[in-house]
Amino acid sequence: MKPMPIRETPNGSPRESFSTSEPISVVGVCLDDETWTALKQFAESAPLIQLRSHLSDYRVQESESPLDLFGTSVPDICIIDFDRDRRKAGLAAEVIHASAHDTALFAVSSDPQPDFIIQAMRSGCSEYLLKPVGREQLLNAVARVGGRRRERLQPNKAQVYAFMGAKGGCGVTSLVTQLGALFASSFSKKTLVVDLHPDFGDAALYLGLTRYRYHFFELVENTDRLDAELLGSFLAHHSSGLDLIPAPEGNDMPRRIQPGAIAQTFDFLKARYDYILVDMAPGLSDENLEMIRHCDHLHVVTVAEVSALRNAVRHFDYLTRKEIPRERFRVILNRHQKRSLIADNEIEKTIGQRIFWKVPNQYAHVVKAINGGDPIASLSSSDVTKNLKEFASTLGAKPSTGTEKRKEGTGLLGLLGRS
Ligand SMILES: Nc1ncnc2c1ncn2[C@@H]1O[C@H](COP(=O)(O)OP(=O)(O)OP(=O)(O)O)[C@@H](O)[C@H]1O
Ligand SMILES: [Mg+2]
């Protein structure tokens, strides 16, 4: 993983983003005298900080529940000194992080080596404070926790629609990118495409957005320090108004995704968008399963071929055994042709489910869109675009009235030079 930027003082006054009625509770772990004294002075001068206790040893037993560790309730912030024993401090951070999801972890240390900072972040710390810890440094870090707490309280509004191929090459990325661009332009909906491929995702390429710095799994690894500012550095913007968080390019280090981290990341994203479309790799990896549990609907994209239909049946059986409700699944038949060797009613009988949507077969147009990096401009009058507009309406989008605020020159009409 590329090291994430360590944030300097955020823009604007930290107090602006630090408004919360409940005091923020803080627990220290193995802090040296100087840091503990600085923390006490800080708490005395900032009434919204409530210093709860100071643990004198690193507790690293995984079996210990957060309440055994912290008493009646988990703190908002736990500040761990990494200088006494870096290994034990990292383990303690991991254990707390795994059991007390809502507690923000701050590392304090006198060593600014990038490797140490990355290790602390990987253990779940959202801040790395350098000694001697100053008031301004603490205020900024605590303000970010307050801001994140406030952001978490915003209502989740986005519909999350996941798309997965019954097998590779069924057209998932083509559909997701075209549909996303239509939601953003023709329907003026705030829309995000997330490419959930563990590597070699194509969504960025299909949208012609090949310059980006970070990918989705880096966002997930940093979910604890996620706020609007950090999210901004992950987004690639398409001219239709669509946002994209791309997949890794494939030369990344192996990743260890904490259970629940994908769901937590989507909870944050849901407060910011109307629609989130997820381009998933085929298969039932742990990441895919977590996504399927967390989405509003899983769209299994298939084609009228025996191998794809057989896989669709296997997927539904497996997911039903995993107690995912059947109503969540929808079947999308891509490359649909009226005179197909396998008739639609035979497909429905085989998969035991109605076909939710059929997308016509129009290879030349889809390939043109992919090659042009613009999924809607060259397709404006095509059957596929007309069909996907109807699909977007079926998914709940109302056509744009033209009065919504939108970026100049974007949108389907804009692309056609008619806006
Ligand atoms: N409606 C369609 N009509 C004709 N061709 C299509 C249609 N949709 C997709 N295709 C073609 O199918 C091929 C595969 O599409 P795409 O890359 O979107 O599939 P995918 O499911 O994302 O594949 P992967 O499993 O590799 O991620 C592309 O060449 C694309 O042009
Ligand atoms: Mg794809």
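Take the sequence shown: its letters are residues 20 to 438, numbered as in the working numbering. Glycine residues also receive a C-beta, built at the ideal position from the N, C-alpha and C atoms. Because the structure is a prediction, the values reported are computed rather than measured.
Determine whether the Cβ of residue 338 lies closer than 8 Å to any Cβ atom of chain C. The structure shown contains no chain C; it holds only a single protein chain.
Start and end of the beta strand (DSSP E) containing residue 147? As a first step, residue 147 is located in the sequence shown; it is residue number 128 there, counting from the start. From DSSP, the beta strand (DSSP E) with residue 147 extends over 144 to 149.
What residue range does the alpha helix (DSSP H) around residue 192 cover? Along the sequence shown, one-based indexing puts residue 192 at 173. Per DSSP, residue 192 belongs to the alpha helix (DSSP H) from 191 to 204.
Considering only their Cβ atoms, is the gap separating residue 101 from residue 128 smaller than 8 Å? Position 109 of the sequence shown holds residue 128. Position 82 of the sequence shown holds residue 101. Yes, these two residues count as a Cβ contact at 8 Å.
Residue 91 classed as buried or exposed, judged by whether at least 16 other C-beta atoms fall within 10 angstroms: For the purposes of this step, residue 91 is identified with residue 72 of the sequence shown, where counting begins at 1. Its Cβ having fewer than 16 others within 10 Å, residue 91 is exposed.
Residue from 306, 87, 345 whose Cα sits closest to the Cα of residue 318: One-based indexing of the sequence shown puts residue 318 at position 299. Checked all of 306, 87, 345; the closest Cα to residue 318 is 345.
Residues in the same chain with beta-carbon distance under 8 Å from residue 174, minus the five sequence neighbours each way, listed in chain order, please. The residue given as residue 174 occupies position 155 in the sequence shown. So the qualifying residues of the chain are 290.
Are residue 242 and residue 266 closer than 8 Å when you measure CB to CB? As a position in the sequence shown, residue 242 is number 223, starting the count at 1. As a position in the sequence shown, residue 266 is number 247, starting the count at 1. Against a cut-off of 8 Å, the Cβ pair of residue 266 and residue 242 comes out as no contact.
Are there any heavy atoms of ligand 1 lying less than 7 Å away from the beta-carbon of residue 374, as far as the coordinates show? Numbered from 1 along the sequence shown, position 355 holds the residue referred to as residue 374. Every heavy atom of ligand 1 is 7 Å or more from the Cβ of residue 374, so no.
Can you tell me which of the three DSSP states residue 180 falls into? The residue labelled residue 180 in the question sits at position 161 within the sequence shown. Residue state, collapsed to three classes: strand.
Please find out if some non-hydrogen atom of ligand 2 comes closer than 7 Å to the beta-carbon of residue 218. Residue 218 sits at position 199 when you count from the first residue of the sequence shown. False, no ligand heavy atom lies under 7 Å from that Cβ.
Whole-angstrom distance between residue 57 and residue 246, CA atom to CA atom: Here residue 246 corresponds to residue number 227 of the sequence shown, with the count starting at 1. Here residue 57 corresponds to residue number 38 of the sequence shown, with the count starting at 1. Going by the C-alpha atoms only, they are around 27 Å apart.
Should residue 156 be labelled buried (16 or more other beta-carbon atoms within 10 Å of its own) or exposed? Indexing the sequence shown from 1 puts residue 156 at position 137. By the 10 Å Cβ count, residue 156 comes out buried.
Bridge partners - residue 376, DSSP secondary structure assignment: Locating residue 376 in the sequence shown gives position 357, counting from the first residue. DSSP lists 351 as partners of residue 376.
Measuring straight from C-alpha to C-alpha, what distance separates residue 45 and residue 321? On the sequence shown, residue 45 is found 26 positions in, with the first residue counted as 1. On the sequence shown, residue 321 is found 302 positions in, with the first residue counted as 1. Computed Cα separation, rounded: 51 Å.
Any non-hydrogen atom of ligand 2 closer than 7 Å to residue 378 Cβ: Along the sequence shown, one-based indexing puts residue 378 at 359. Because no heavy atom of ligand 2 lies under 7 Å away, the Cβ of residue 378 does not count as near it: no.
Through-space distance from residue 199 to residue 212, alpha-carbon basis: For the purposes of this step, residue 212 is taken as residue 193 along the sequence shown, with counting starting at 1. For the purposes of this step, residue 199 is taken as residue 180 along the sequence shown, with counting starting at 1. Roughly 7 Å between the two C-alpha positions.
Which stretch, first to last residue, makes up the alpha helix (DSSP H) that contains residue 251? Here residue 251 refers to the residue found at position 232 when the sequence shown is read from its first residue. Residues 247 to 251.
Simplified DSSP state of residue 360, which is helix, strand or coil: Stepping through the sequence shown from its first residue, residue 360 is reached at position 341. Three-state result, residue 360: coil.
Counting C-beta neighbours from all protein chains within 10 Å, is the total for residue 341 16 or more, i.e. buried, or is it exposed? Walking along the sequence shown from the start, residue 341 turns up at place 322. With fewer than 16 other Cβ atoms within 10 Å, it is exposed.
Residue 128 bridges to which residues according to DSSP? Mapped onto the sequence shown, residue 128 falls at position 109. In the DSSP output, where bridge partners are listed per residue, residue 128 has 149.
Distance CB(residue 111)-CB(residue 96) smaller than 8 Å: Stepping through the sequence shown from its first residue, residue 111 is reached at position 92. Stepping through the sequence shown from its first residue, residue 96 is reached at position 77. No. Outside cutoff.
Extent of the continuous alpha helix (DSSP H) run through residue 381: Start at 1 with the first residue of the sequence shown, and residue 381 comes out as number 362. Per DSSP, residue 381 belongs to no alpha helix (DSSP H) and is neither H nor E.
List in chain order: all unbroken beta strand (DSSP E) runs of 3+ residues lying wholly within the stretch 292 to 355. 294 to 299, 316 to 321, 348 to 355
Among 228, 287, 274, 134, the one whose alpha carbon lies nearest that of residue 178: By one-based count along the sequence shown, residue 178 stands at place 159. Residue 287 is the option with its Cα nearest to residue 178.
Answer yes or no: the CB of residue 189 versus the heavy atoms of ligand 1, is any distance below 7 Å? Locating residue 189 in the sequence shown gives position 170, counting from the first residue. Checking the Cβ of residue 189 against ligand 1 gives yes.
Mark residue 158 as exposed unless 16 or more other C-beta atoms lie within 10 angstroms of its C-beta, in which case mark it buried. Translated into the one-based positions of the sequence shown, residue 158 becomes position 139. Buried: at least 16 other Cβ atoms inside 10 Å.
Quick check on DSSP: helix, strand or coil for residue 211? In the sequence shown, the residue the question calls residue 211 occupies position 192. In the structure shown, residue 211 sits in a strand (DSSP, three-state: E or B).
According to the neighbour-count rule (16 or more other Cβ atoms, all chains shown, within 10 Å of its Cβ), is residue 68 buried or exposed? Translated into positions along the sequence shown, residue 68 becomes position 49. Classification of residue 68: buried, given that the 10 Å Cβ count is 16 or more.
Do you know whose CA, among 48, 149, 192, 256, lies nearest residue 71's CA? Within the sequence shown, the letter at position 52 stands for residue 71. Among 48, 149, 192, 256, the Cα nearest to that of residue 71 belongs to 48.
Contacts around residue 374, its chain only, beta-carbon distance under 7 Å, and the 5 residues preceding and following it disregarded: Along the sequence shown, read from residue 1 onward, the residue named residue 374 stands at position 355. Around residue 374: 350, 352, 363, 366, 367.
Please say whether residue 172 and residue 145 have beta carbons closer to each other than 8 Å? By one-based count along the sequence shown, residue 145 stands at place 126. By one-based count along the sequence shown, residue 172 stands at place 153. It is not a contact, given that the beta carbons lie outside the stated cut-off.
Where residue 90 falls: helix, strand or coil (DSSP): Locating residue 90 in the sequence shown gives position 71, where the first residue counts as 1. Of the three classes helix, strand and coil, the one that applies to residue 90 here is coil, per DSSP.
Would you kindly check if the distance between the Cβ of residue 197 and the Cβ of residue 395 is under 8 Å? Residue 395 sits at position 376 when you count from the first residue of the sequence shown. Residue 197 sits at position 178 when you count from the first residue of the sequence shown. Yes, these two residues count as a Cβ contact at 8 Å.
Contacting residues, own chain, Cβ-Cβ under 7 Å from residue 202 (five flanking each side not counted): Stepping through the sequence shown from its first residue, residue 202 is reached at position 183. Here the set comprises 208, 210, 294, 411, 416.
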